[in-house]
Amino acid sequence: MTNTQTPPARAARPEAAPAPTRKRPPARDRGSRLLATLFLAPTIVGIVVFTVVPIVGSVVLSLFHWNVIDSPGYAGLSNYGEVFGDSTVLVSFRNTLVFMVFAVALQLLIALALALTINGRMPVWLRSVFRSAFFFPLVLSAASISVVMKYLFNQDFGVVNWLLGFVGIAPVPWLTSENAAMATVVLVYVWQQFGFSFLLFIGGLNNIPKEIHEAAALDGATGLRKHLTVTLPLLSPTLLVASVVGIINALQVFEQPYVLTNGGPGDSTRTVVMVIYETAFEQLRFGEASAVGVLLFALIMAVTALQFRLSRRFVHYQ
Amino acid sequence: MTDSHLTRRALMRYGAYGAGAAALAGTAASWDRLTGADIPGRDDGSLVVATLGPAYGPEAIRTLQDGFRELHPDIKLRVNAVQAVDWSDFFAKILTQVAAGTAPDLVYVATEGVQLFAQRLGVALDKWVRRDAAELKEYFADVHPSLVESMMYEGSLYQLPVEFNAADMYFNRQVLRRAGADFPPADWTRDDFTTLLRDMKKSSGSRFTPYFWTNRLWGGVVPWLFANDTNLLAESKAPGGRWLWDGFYPAAQRKGRGGGFRWTTPQATHDRVEEVYDYLASLIQDGLCTRPEGGNGQNLIGVFSTGRVGVTPAGGFWAGGLSLAGMEPDGFDVQYFPRWRTQRMQYGAAGYALLRTSKMQDEAWEFIKYAARKDTLERLFTTNQTTPARRSLLTADRYEKTGPAHWPVFYDTLDRFPDTGPIPAPPQVAEVEQVLLKHTGTALASPRSVRPALRRMQGDLEKAMERDA
């Protein structure tokens, strides 16, 4: 027998909302949930095994000294102390941030300019040709592209300097000068990557209703003004996605500087992921490499969070 | 009855789910599927040998396997050609296998990794060498003691060298003719070298580079350091090794030999090191040589064979490479590195290291002996892709088709200059190499940056050497 009398304490608080009664969802809903869980299970397992476990593993490993050969030894936070005292690591963070700023800015500008141009008055077939051409470098391996670019940008035998020679420009040390090397790496990276942002922008531009442009035209907006006051605000969600993805990718750059310059001359093009690779797999200091990896992870999270925070001001949804 | 109790229907439904899941699990468990054990040779009692993939193609692997099977039909052999860009990449992959518990029994290791493997993973071969001394007399008589000494660590022998490459100078004959220059004599000097580069530059167009070099441990700055009678790290010999020298080498050849090399105190700020960097900087300033760039000699073959480069340091491996690229044997030639304060040369050697984790150590030793046999090396190095460690393999016949005319230089580098030594490769070699490449790039990338770059190099080298490998 159940107790049906209301307790006195509760009776003294008539304003309290009645406790929600737990209803069992209908059988059909339960079946749907079960089916959804089954379909999601492989993805969830994948995320846990290939993302969550490695992240947790890296954090744990960053607290140990481990050289693969001997057993790991607990190190506390000393790996982090080593990392902050290592000028190469600090320089690599600076290089990566500089790279990110220029690479993402250039990538977005070029992609946006080309998307606006191609989305204008242009025959459909020609538009398709350009779309394919701009996207093509993205499907190639970054390492292969970098090997080819290394030949093209060679100071003594490269095609780029050979072509510049025709207009009287002296050979440029594209990859062997501290001033030029980072710029060359950025150029190669942007050339390969801008196709992704370009496709996003094309999609975003096609989603803007024509009526809005027509209304703006009736109000007298033309050319650049139309783009600044109508197109860009309506494209801002796409811009946010492109910049978030672009920044995350740029902060993890590895292949291009590794193949083109091997981080040199000096440390001028050494990036954080290069340092992680060298520290772990060449110098066998997996604990320190993990500590650098954890710091990079934190940096990426912070930058992305900042972007989303700032996006509240600049992103306009229709 | 409350909700906390299962209804009969629910109980039956969950029972059916359970039965279904058990049936699925049973089916999956009984399904034939691939596992790690299905990889040919894994855990099947094979002797596993890891080689550097690009150096050992399928043909070479077949040759190794077939020959060994004939000799030892009772030992199963699996050659695992690990694809890697360079030695450090190769070692990283081997260490990953070690960490994963799938370590090979034998690893092909070059000078760059000899001490690292010896210190951490290797097994000294001393007891087997002593046991099979009679069988090995012929091998040691055919192999220069310098090469053997470079495979020793703290008095013990860890590998039998099968190949090596000394940094000699290659010339494009067409460029020499264009400059009206003679082929330099064996005792040429650094100043002769500079004059030759100037003559080459004068006689060729602006798109010509007299001297090309790559920024790396072997064949980069280090041969110049050797020629100027210095080194990146102070070099000495470990005690011991008498058991080997007294047993296999005559008095003249064992003089001054020890228990392997020791590379200890960094000396990047030494005057002679600075002199070398100043010299290379002056060559760059005068447009006589390239700025230091990473990579290997492969990307150079094209520009060298078409006469856009006059001189470059390379080993015997380049004779095979140039020949494969279509260059005629009389199109190029080779001479010793020029003399500065000394004419000490630099080389790197390679052989098979036996890992401590191996459960087939006796069988592995049989493979090491087999891999160092004359007939094995003869079959393996048919295209002159390297310099065999055995002197008797360097014959006129071997170089008739691949050239160059002065092919005896390859082995005479050791015989004529007995103090010729291996590249500095302590157990911390990966960091040492990275520091060298990094600061050489900075030192020679802009004028007047040599001294500050060398100071930073010294600091980084000290840190690297203090670290446990």
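From first to last, the protein sequence lines stand for chains L and P. The opening residue of the first sequence carries number 22 in the working numbering; numbering runs sequentially from there. The opening residue of the second sequence carries number 166 in the working numbering; numbering runs sequentially from there. Note that CB positions come from ideal geometry on N, CA and C, so glycine has one too.
For residue i, count neighbouring Cβ atoms within 10 angstroms of its own Cβ and tell me buried if that reaches 16, exposed if not.
i: I76 (chain L); result: exposed
i: Q450 (chain P); result: exposed
i: S53 (chain L); result: exposed
i: R506 (chain P); result: exposed
i: N549 (chain P); result: buried
i: W146 (chain L); result: exposed
i: S371 (chain P); result: exposed
i: G183 (chain P); result: exposed
i: Y338 (chain L); result: exposed
i: Y95 (chain L); result: exposed
i: G285 (chain L); result: buried
i: I533 (chain P); result: buried
i: K603 (chain P); result: buried
i: Y172 (chain L); result: exposed
i: R621 (chain P); result: buried
i: E531 (chain P); result: buried
i: I65 (chain L); result: exposed
i: R234 (chain P); result: exposed
i: P35 (chain L); result: Reliability of the predicted coordinates at P35 (chain L) is poor, the pLDDT of 49 falling under 50, and no value is obtained from them.
Please name the residue in the options whose C-alpha comes closest to that of residue i.
i: E277 (chain P); options: P:N549, P:W389, P:P589, P:A608; result: P:P589
i: T359 (chain P); options: P:F502, P:M510, P:I226; result: P:F502
i: T395 (chain P); options: P:I240, P:K628, P:R437, P:F256; result: P:R437
i: R427 (chain P); options: P:R295, P:S311, P:H309, P:P592; result: P:P592
i: V272 (chain P); options: P:L260, P:L602, P:V294, P:T434; result: P:L260
i: L196 (chain L); options: L:F174, L:L226, L:A163; result: L:F174
i: G496 (chain P); options: P:D307, P:A215, P:E319, P:Y335; result: P:Y335
i: F482 (chain P); options: P:R227, P:Y442, P:E328; result: P:E328
i: V594 (chain P); options: P:R372, P:R174, P:R381; result: P:R381
i: Y304 (chain P); options: P:H435, P:A265, P:T541, P:K628; result: P:T541
i: G294 (chain P); options: P:A215, P:L361, P:W410; result: The question names Gly, but residue 294 (chain P) is Val in the sequence shown. Of P:A215, P:L361, P:W410, the residue nearest in Cα terms is P:W410.
i: P478 (chain P); options: P:K258, P:P494, P:M510; result: P:M510
i: R419 (chain P); options: P:E235, P:T429, P:G406, P:D625; result: P:G406
i: G126 (chain L); options: L:N270, L:F307, L:P144; result: In the sequence on display, residue 126 (chain L) carries Ala and not Gly. That would be L:N270, whose Cα lies nearest to the Cα of A126 (chain L).
i: E103 (chain L); options: L:F307, L:V336, L:I321, L:T250; result: L:F307
Compute the distance between the beta-carbons of residue i and residue j, then report whether it is under 9 Å.
i: N337 (chain P); j: G424 (chain P); result: no
i: A263 (chain L); j: L129 (chain L); result: yes
i: Q213 (chain L); j: V265 (chain L); result: no
i: G513 (chain P); j: A275 (chain P); result: yes
i: Y101 (chain L); j: S113 (chain L); result: no
i: M365 (chain P); j: L341 (chain P); result: yes
i: T117 (chain L); j: V274 (chain L); result: yes
i: Q324 (chain P); j: Y517 (chain P); result: yes
i: V247 (chain P); j: T228 (chain P); result: no
i: L520 (chain P); j: L242 (chain P); result: no
Would you give the residue range spanned by the alpha helix (DSSP H) that residue i belongs to?
i: W428 (chain P); result: Per DSSP, W428 (chain P) belongs to no alpha helix (DSSP H); it is in the beta strand (DSSP E), 426-431.
i: Y279 (chain L); result: 276-281
i: D625 (chain P); result: 615-631
i: Q214 (chain L); result: 199-227
i: L242 (chain P); result: First-last for L242 (chain P): 242-247, but that is the beta strand (DSSP E), not the alpha helix (DSSP H).
i: Q128 (chain L); result: 108-139
i: G232 (chain P); result: 223-236
i: V104 (chain L); result: 99-105
i: N88 (chain L); result: Taken as a continuous stretch (DSSP letters only), N88 (chain L) belongs to no alpha helix (DSSP H), as it is neither H nor E.
i: Y172 (chain L); result: 163-173
What residue does the beta strand (DSSP E) around residue i start on, and which one ends it?
i: E299 (chain L); result: Neither: E299 (chain L) is in no beta strand (DSSP E) and is coded neither H nor E.
i: E400 (chain P); result: 398-402
i: G370 (chain P); result: Counting along the chain, G370 (chain P) falls outside any beta strand (DSSP E), and DSSP gives it neither H nor E.
i: G516 (chain P); result: 511-519
i: G52 (chain L); result: It is not in any beta strand (DSSP E) - G52 (chain L) instead sits in the alpha helix (DSSP H) that spans 48-68.
i: G475 (chain P); result: 474-479
i: N337 (chain P); result: 333-337
i: V274 (chain P); result: 271-275
In the segment 481-506 of chain P, which residues sit with their C-beta less than 9 Å from some C-beta in chain L, listed in chain order?
none
With 8 Å as the C-beta to C-beta threshold (strictly closer), list the residues of the segment 167-179 of chain L near chain P in chain order.
K171, Y172, N175, Q176, D177, F178
Please name the residues in the segment 62-86 of chain L whose beta-carbon is closer than 8 Å to at least one beta-carbon of chain P, in chain order.
none
Output, in sequence order along the chain, the residues in the segment 265-292 of chain P whose CB is closer than 7 Å to any CB in chain L.
R285, L286
Which residues, taken in chain order from the segment 239-264 of chain P, show a beta carbon closer than 9 Å to some beta carbon of chain L?
Cβ proximity to chain L below 9 Å picks out S253, D254, F256, A257, K258, L260, T261, V263, A264 from the segment 239-264 of chain P.
What residues in the segment 594-607 of chain P bring their beta carbon closer than 8 Å to a beta carbon of chain L?
A595, E596, Q599, L602, K603, H604, G606, T607
Just by C-beta distance, which residues in the segment 193-205 of chain L are closer than 7 Å to chain P?
P194, L196, T197, S198, E199
Just by C-beta distance, which residues in the segment 299-314 of chain L are closer than 7 Å to chain P?
Under the 7 Å Cβ criterion, the segment 299-314 of chain L contributes E299, F302, E303, Q304, L305.
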